[in-house]
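In full-length UniProt numbering, the protein residues as written are 1 to 370.
Here it is, written out as C-alpha cells:
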C-alpha cells in the first residue's frame, strides 16, 4: 500500500516521484499483535529546494496500542542520560537515579525506549534493503551528497528529533550533505540541556514563505494538547484550551500528567518549535466534546496547517474496520484513564512518586485487557 501511495499519479503531482528504499519495518511489544513503532526510508532524485533526498519516516502513536500510550508517550516519570545513551546497544536504556542533575542532558525514558527500538530493528527479508538496520543502510550509501530528512508526527514528533540528534552527534550521518528534521505535533522529549543540544546540532535555517516551511523545529497546532506536554505551565493550559469552563475529568487527567512529570525530577523544556495557529471547532461543555476536539486538533487539523495532504492508498474495508477499532480503543482508553485518575484522587495520595507507581500498576492491568 505504501508503494501504491507513492505511485498514485495524483500524489506524484503534489510530492513528486518517490521510491521506497528501506523497510518498512514494524516493532511490536512482546506478546502483542499491534504495531508499536514503524519506520521506512523513501528516496527522490529531485526534491524541490533540496535536490536528492532520503526521508526517514517514523510512525505516530498507534491509538490501539496501550504500549505506545504508556510505554513511550506517557513514560516521562523516569529519564535517561543522553550523554551516555546508546540506542545501538542490545540492552534497554537505563534510568537515571533521582533527583536528576538539572545541568545534565536528559531525555524521557519513553523517548529513549522508542529510539532504541527503532535503531535496533532490522529491515525484514521481504522488505527493501533486507537484513539491515537503519544505520547500516544509511552508512552504506557512502558520501552521497544527498540530504537526509527525519520526520514523524505525534509520538514520532518526539522520537524523530531525538533520533536525529543522536545520529548526527555520533557521526552516523557524515555521508550526507545536509541533515534536517521535520517533526510535527511532538511532545517534549527532554530537558533544557537536550533542547540546547538539539538547537546546536540542528540549527534552523529560518522560516520560508509559509510558516510550516521550516526545518529543525517542532511544528505544532496551538490547539493541540499533545505538544503542551511536558512543560508544567503548558500542561495547565490544557484545562481550558478550547475556551471552555473547567471540566472535572479533564482536570483530573491534567493533574495526573503533572504528577507524572514532577515524579521525574526533570524540568522538561520544548525544543525549537514553530507554532501554527489553530481554529477552534466549538467550546466543549463535557469530556466527550473536549476529547472529540482534542482528537481532531491533533490529527486532521494539520491537513490545513501544513502543506497539501496526499491520499493514502488503502483498502476501503480495511480502513472502515481500522477506524471502528481505533475509535473503540480510544474510547476504552479514555474511560479507563478517567476511572483510574478518580481512583488516585480518592486514594488521597500526596506523594508524586507513589502516585505514579499506582498509575503504572493500573496500566499493567490495562495492558492485559485491551
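Idealized CB from N, CA, C, for every residue including glycine.
For this session: Measure the alpha-carbon distance for residue 68 versus residue 289 and round it to whole angstroms.
Result: Since pLDDT at residue 68 reaches only 44, below the 50 mark, its modelled position is unreliable, and the value read off the structure follows with that caveat. Each residue's Cα considered, the two are about 24 Å apart.
Exercise. Can you tell me the Cα-Cα spacing of residue 99 and residue 162, whole angstroms?
Worked result: One Cα belongs to residue 99, the other to residue 162, and the distance between them is close to 22 Å.
Problem set entry | Presumed contact (8 Å Cβ cut-off) between residue 193 and residue 104, rounded CB distance | Taking the Cβ atoms as the reference, residue 193 lies roughly 6 Å from residue 104, within the contact range of under 8 Å.
Problem set entry | Neighbourhood of residue 132 by C-beta distance below 8 Å, restricted to the same chain and skipping five residues each side | Sequence-distant Cβ neighbours of residue 132 in its own chain, meaning closer than 8 Å and more than five residues away, are 22, 122, 123, 140.
Exercise. In three-state terms, what does DSSP make of residue 221?
Worked result: In the structure shown, the three-state DSSP call for residue 221 is strand.
For this session: For residue 264, I'd like the list of residues in its chain whose CB is within less than 6 Å of its CB, leaving aside the five on either flank, ordered along the chain.
Result: So the list reads 76, 77, 79, once near-sequence residues are dropped.
Exercise. Do you know offhand how far residue 296's Cα is from residue 4's?
Worked result: Rounded to the nearest angstrom, the gap between the Cα atoms of residue 296 and residue 4 is 26 Å.
Exercise. Beta strand (DSSP E) containing residue 274: first to last residue?
Worked result: Taken as a continuous stretch (DSSP letters only), the beta strand (DSSP E) holding residue 274 covers 273-276.
Exercise. Any Cβ of chain C within less than 9 Å of the Cβ of residue 259?
Worked result: Considering every chain present, this structure includes no chain C. It has just one protein chain.
For this session: Can you check the stretch 111-194 for any beta strand (DSSP E) of at least 3 residues that lies completely inside it and give the ranges in chain order?
Result: Entirely contained in the stretch 111-194, the beta strand (DSSP E) runs reaching 3 residues are, in chain order, 147-153, 178-184.
Problem set entry | Contact set for residue 201: own chain, Cβ-Cβ below 7 Å, skip 5 residues either direction | Excluding sequence neighbours, residue 201 sits near 165, 168, 169.
Exercise. Skipping 5 residues on each side, what residues in its chain have a beta carbon closer than 6 Å to that of residue 266?
Worked result: Same-chain partners within the cutoff: 79, 100, 106, 191.
For this session: Let me know the secondary structure DSSP gives residue 283 once reduced to three states.
Result: Under the three-state reduction of DSSP, residue 283 is assigned to coil, being neither helix nor strand.
Problem set entry | residue 38 beta carbon less than 9 Å from that of residue 54 | Their beta carbons are not under 9 Å apart, which means residue 54 does not touch residue 38 by this criterion.
For this session: Count the other CB atoms, across all protein chains shown, that sit within 10 Å of the CB of residue 183; report buried if there are 16 or more and exposed otherwise.
Result: Buried is the label assigned to residue 183, since at least 16 other Cβ atoms lie within 10 Å of its Cβ.
For this session: Reducing DSSP to helix, strand and coil, say where residue 255 ends up.
Result: Helix at residue 255.
For this session: Compute the Euclidean distance between the alpha carbons of residue 10 and residue 312, then round it to the nearest angstrom.
Result: So the two alpha carbons sit approximately 11 Å from each other.
Exercise. Are three or more beta carbon pairs between the stretch 276-284 and the stretch 227-244 nearer than 8 Å?
Worked result: Yes, the stretch 276-284 touches the stretch 227-244.
Exercise. Hey, residue 222 and residue 275 are a contact pair by Cβ (cut 8 Å); roughly how many whole angstroms apart?
Worked result: Distance from residue 222 to residue 275 at the Cβ level is roughly 5 Å; contact confirmed, criterion being Cβ atoms closer than 8 Å.
For this session: Report buried or exposed for residue 91, applying the criterion of at least 16 other Cβ atoms within 10 angstroms of its Cβ.
Result: Taking every protein chain shown into account, the CB of residue 91 has fewer than 16 other CB atoms within 10 angstroms, so this residue is exposed.
For this session: Rounded to whole angstroms, what's the CA-CA distance from residue 259 to residue 19? Just pull it up for me.
Result: It is roughly 45 Å from the alpha-carbon of residue 259 to the alpha-carbon of residue 19.
For this session: Quick one: give me the first and last residue of the beta strand (DSSP E) that residue 81 is part of.
Result: That run of the beta strand (DSSP E) goes 79-81.
Exercise. Going by other Cβ atoms of all chains shown within 10 Å of its Cβ, with 16 needed for buried, is residue 249 buried or exposed?
Worked result: So residue 249 ends up on the buried side.
Exercise. Measuring CB to CB, does residue 188 end up less than 9 Å from residue 302?
Worked result: Contact flag unset, no.
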